[in-house]
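Following the UniProt record's numbering, the numbering of the sequence shown begins with 1 at its first residue and continues without gaps. Glycine residues also receive a C-beta, built at the ideal position from the N, C-alpha and C atoms. What follows is a single structure, written as structure tokens, with notes after it.
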Amino acid sequence: MHQQQELNLPDAEVYFFPQFLSKEESDLYFVMLMKEVNWQQESIKMFGRQLSMPRLTAWYGDKSYTYSGLQNKPQPWLPVLLELKKRVEVVSGQKYNSVLLNLYRSGQDSMGWHADDEAELGQEPSIASLSFGAERKFSFKHKSRKDLKGQSITLHHGSLLLMQGQTQHHWLHHVPKTTRTVEPRINLTFRMVVE
Numbered sequence: 001m002h003q004q005q006e007l008n009l010p011d012a013e014v015y016f017f018p019q020f021l022s023k024e025e026s027d028l029y030f031v032m033l034m035k036e037v038n039w040q041q042e043s044i045k046m047f048g049r050q051l052s053m054p055r056l057t058a059w060y061g062d063k064s065y066t067y068s069g070l071q072n073k074p075q076p077w078l079p080v081l082l083e084l085k086k087r088v089e090v091v092s093g094q095k096y097n098s099v100l101l102n103l104y105r106s107g108q109d110s111m112g113w114h115a116d117d118e119a120e121l122g123q124e125p126s127i128a129s130l131s132f133g134a135e136r137k138f139s140f141k142h143k144s145r146k147d148l149k150g151q152s153i154t155l156h157h158g159s160l161l162l163m164q165g166q167t168q169h170h171w172l173h174h175v176p177k178t179t180r181t182v183e184p185r186i187n188l189t190f191r192m193v194v195e
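Written as structure tokens, this is what we have:
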């Protein structure tokens, strides 16, 4: 049985599995994902300028998906992604039809504050975030309640973070840059695109 921790965030359902996969399995998956995934350097329009995203990304699955003005056409599922999807679905009790992959090449790669609250993810999106490679800090802050202290956790090699229920309506999350020297990290966020 996977050891589970519930994060104490009001207006949210967030569960963390620090050792969802063993180190041996995680090492193997990391190598496969680095090699097999068709990583892209996307750019987005911000402040009237085209800027390169501070990480590499890939979108696989059954549906197109738009975020940050970026239209993602799905690539067909890889066997390794279907295998991981199945394992995550067993623990989350949810079904997923798509996955967004992020490759953080160094501590300078990051993800800004955002919520996964696009209409095509439905009323209460379930996001299953699987991490491989270097540990990185993952932070939360409430969208409207300034009295609530944000929370940070460390996402480990082989860990799984589930964000469900009202989480995306009330909380933002991000992966900050770090000046520490860190090895690459791969993150998979499984989701159900409903539209």
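Inter-residue Cα distance where the pair is residue i and residue j
i: Thr-178; j: Leu-161; result: 21 Å
i: His-142; j: Leu-148; result: 7 Å
i: Gln-164; j: Lys-23; result: 26 Å
i: Arg-180; j: His-170; result: 30 Å
Residue-level contact to chain C via CB, residue i, 9 Å cutoff
i: Asp-62; result: This model lacks chain C altogether; it includes just one protein chain.
Collapsed DSSP secondary structure at residue i in the structure displayed
i: Met-163; result: strand
i: Ala-119; result: helix
i: Tyr-29; result: helix
i: Lys-137; result: strand
i: residue 198; result: Beyond the ends of the chain as shown, which are 1 and 195, falls residue 198; an answer cannot be given.
i: Val-175; result: strand
i: Arg-191; result: strand
i: Ser-131; result: strand
Proximity of residue i and residue j at Cβ, strictly below 9 Å
i: Val-80; j: Leu-33; result: yes
i: residue 198; j: Glu-120; result: Absent from the structure is residue 198, since the part of the chain shown begins at 1 and ends at 195.
i: Ser-159; j: Pro-18; result: yes
i: Leu-172; j: Ala-115; result: yes
i: Ile-186; j: Tyr-104; result: yes
i: residue 201; j: Trp-39; result: Past the boundaries of the shown model lies residue 201; the chain is included only from 1 to 195, so the question cannot be answered.
Residue i CB to nearest heavy atom of the ligand COA below 8 Å
i: His-156; result: By its list of ligands, the structure shown contains no ligand whatsoever, and the ligand COA lies outside what it can speak to.
Which listed residue (the options) has its alpha carbon closest to that of residue i
i: Glu-135; options: Glu-124, Asn-8 and His-156; result: His-156
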